[in-house]
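Residue numbers (the numbering used here), protein chains in the order written: chain A, 1 to 238; chain B, 1 to 115.
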């Protein structure tokens, strides 16, 4: 319903804004639960429950630092592929898969510094069916592509090529390490194209490639640091 | 939910009082995934001399409480404020259905003192 002025002011101060529509039903990714449980309260609780006066206290997690990911940050967002429902493009030649990936990053606030942008590719059950052979993956930008136009019409800047032994486990790519994303101050979105080439055994059943395309879950883990929230209240020198 | 702690004496000393913030009661439970609420607490009580000397007070606060005890009209007592705070993290959905973990410093009052 409508928020009271006090609630609005408090939400704004905390940088929170309730979703306009009905509550989301999207499951919470396990990585986010894990990060939440490892947060400051967990350390505090563990300290008070298990440690009596004689037990050494657990070290407090560093403020403004995401310990598990090893980067500075105080806001972590899990962003799903906006194009997940779009069917994969018809893969040309010996390509097994050619999939557009689209991430909406318009939530980024100019005050926030990007410290990690990690792409996760998870092929789920069909990934377990894929033969364990060297798969060649390539990621490229598809900036400037008009929706609905075939991919191959567009010149693509290849970001990376990587050979992976299997599709059984999730694959991670550090997008900041790839360069341009880290340099662009406030990207509004990230449009990529994933191409997959089977390794040795090129006569894969076509159905498998289609299944891989449909089961692929791509997501971004975006960590940012809002320095203003990390300033210790400096005491003026007397 | 809040309730004023019963004042255990006419001039209760400065200390942390329990205050639990329940996200359901403020209607945020649909999009704040976790926690359901948290103990924010607050500070209440007096910093009168000589009690102020036993509370985690700055030397200046002790001096001010002494001055207040001898000339109350000229010097107010020190204030009972948070002196040790803890952070919390909140997991919620944002406007674009992203799952967000946000870390807030200084959200829980662990200790009060006179300042």
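By construction, the Cβ of each residue, glycine as well, lies at the ideal position given by its N, Cα and C atoms.
Counting only beta-carbon atoms, is residue i nearer than 7 angstroms to chain B?
i	result
residue 74 of chain A	yes
residue 17 of chain A	yes
residue 53 of chain A	Residue placement at residue 53 of chain A is flagged as unreliable, the pLDDT there being 45, under the threshold of 50; a coordinate-derived value is accordingly withheld.
residue 24 of chain A	yes
residue 79 of chain A	yes
residue 32 of chain A	yes
residue 189 of chain A	no
residue 105 of chain A	no
residue 199 of chain A	no
residue 36 of chain A	yes
residue 70 of chain A	no
residue 110 of chain A	no
residue 63 of chain A	yes
residue 39 of chain A	yes
residue 28 of chain A	yes
Are there 16 or more other CB atoms within 10 angstroms of the CB of residue i, so buried, or fewer, so exposed?
i	result
residue 73 of chain B	exposed
residue 59 of chain B	exposed
residue 193 of chain A	buried
residue 86 of chain B	buried
residue 168 of chain A	exposed
residue 67 of chain A	exposed
residue 24 of chain A	buried
residue 8 of chain A	exposed
residue 140 of chain A	buried
residue 61 of chain B	buried
residue 130 of chain A	buried
residue 71 of chain B	exposed
residue 163 of chain A	exposed
residue 207 of chain A	exposed
residue 198 of chain A	buried
residue 54 of chain B	exposed
Work out the CA separation of residue j and residue i for me, nearest whole Å.
i	j	result
residue 55 of chain A	residue 110 of chain B	With a pLDDT of 47 at residue 55 of chain A, under the threshold of 50, the predicted position of this residue should be treated as unreliable, though the coordinate-derived value follows. The straight-line gap from Cα to Cα measures roughly 20 angstroms.
residue 65 of chain A	residue 69 of chain B	46 angstroms
residue 217 of chain A	residue 171 of chain A	11 angstroms
residue 27 of chain A	residue 98 of chain B	10 angstroms
residue 72 of chain A	residue 14 of chain A	19 angstroms
residue 75 of chain A	residue 173 of chain A	20 angstroms
residue 39 of chain A	residue 63 of chain A	10 angstroms
residue 230 of chain A	residue 103 of chain B	10 angstroms
residue 100 of chain B	residue 69 of chain A	15 angstroms
residue 106 of chain B	residue 157 of chain A	45 angstroms
residue 226 of chain A	residue 27 of chain B	27 angstroms
residue 78 of chain B	residue 40 of chain B	22 angstroms
residue 90 of chain B	residue 33 of chain A	11 angstroms
residue 29 of chain A	residue 110 of chain A	26 angstroms
residue 126 of chain A	residue 25 of chain B	44 angstroms
residue 220 of chain A	residue 51 of chain B	55 angstroms
residue 35 of chain A	residue 20 of chain A	26 angstroms
residue 214 of chain A	residue 99 of chain A	10 angstroms
residue 95 of chain B	residue 142 of chain A	25 angstroms
residue 123 of chain A	residue 88 of chain B	34 angstroms
residue 76 of chain B	residue 224 of chain A	44 angstroms
residue 45 of chain B	residue 102 of chain A	55 angstroms
residue 112 of chain A	residue 5 of chain A	26 angstroms
residue 34 of chain B	residue 79 of chain A	18 angstroms
Got a sec? Which residues, its chain only, sit under 6 angstroms from residue i by beta carbon, not counting five neighbours each side?
i	result
residue 104 of chain A	82, 189
residue 77 of chain A	222
residue 49 of chain B	65, 66, 69
residue 121 of chain A	171, 218
Apart from the five residues on each side of it in sequence, which residues of its chain come closer than 8 angstroms, Cβ to Cβ, to residue i?
i	result
residue 83 of chain B	56, 111, 112, 113, 115
residue 31 of chain B	92, 93
residue 11 of chain A	3, 17, 18
Taking only beta-carbon atoms, is residue i less than 7 angstroms away from chain A?
i	result
residue 30 of chain B	yes
residue 101 of chain B	yes
residue 22 of chain B	no
residue 105 of chain B	yes
residue 97 of chain B	yes
residue 128 of chain B	There is simply no residue 128 of chain B to check, as chain B begins at 1 and stops at 115 in what is shown.
residue 65 of chain B	no
residue 42 of chain B	no
residue 69 of chain B	no
residue 151 of chain B	In this structure chain B extends from 1 to 115, so residue 151 of chain B is not present and cannot be described.
residue 85 of chain B	no
residue 34 of chain B	yes
With a CB to CB cut of under 7 angstroms and the five nearest residues on each side skipped, what residues in its chain are close to residue i?
i	result
residue 37 of chain B	20, 21, 22, 23
residue 128 of chain A	168
residue 176 of chain A	114, 116, 117, 182
residue 166 of chain A	132
residue 178 of chain A	159, 160
The region 131-142 of chain A in contact with the region 13-32 of chain B per 3-pair CB rule at 8 angstroms: The region 131-142 of chain A vs the region 13-32 of chain B: no contact.
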